[in-house]
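Everything in the sequence shown is counted per the numbering used here, starting at 354 for the first residue and increasing by one.
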Amino acid sequence: RGGPILLDDRVLIEGQACIQGEILIEHQVEISGRATVIAFDGNTIHLRGPKVINGEDRITRTPLVGSL
354 RGGPILLDDR VLIEGQACIQ GEILIEHQVE ISGRATVIAF DGNTIHLRGP
404 KVINGEDRIT RTPLVGSL
């Protein structure tokens, strides 16, 4: 959901993985299982490999409290 999402250079997303918001995923990243990657409120998450995110792993980015 959301977006934009950019996938580049050997990215694998499988299973029930949830990706939401502005996400850049590149260079040998694997997201599987029930892993979740969420960027809220116009923030961007950049995942650059090689790395594996799986199982119940959760990556989020929210605004800092002081910046509101």
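By construction, the Cβ of each residue, glycine as well, lies at the ideal position given by its N, Cα and C atoms. These numbers come from a predicted model, not from an experiment.
Secondary structure of D362 (DSSP, three-state): coil.
Rounded to whole angstroms, the separation of the alpha carbons of R411 and V390 is 6 Å.
When rounded, the separation of the alpha-carbon atoms in I384 and N407 is 6 Å.
Here the alpha carbons of I366 and E375 stand approximately 16 Å from one another. The residues A370, I406, N407 and D410, in chain order, have a CB closer than 6 Å to that of A388 in the same chain once the five nearest residues on each side in sequence are set aside.
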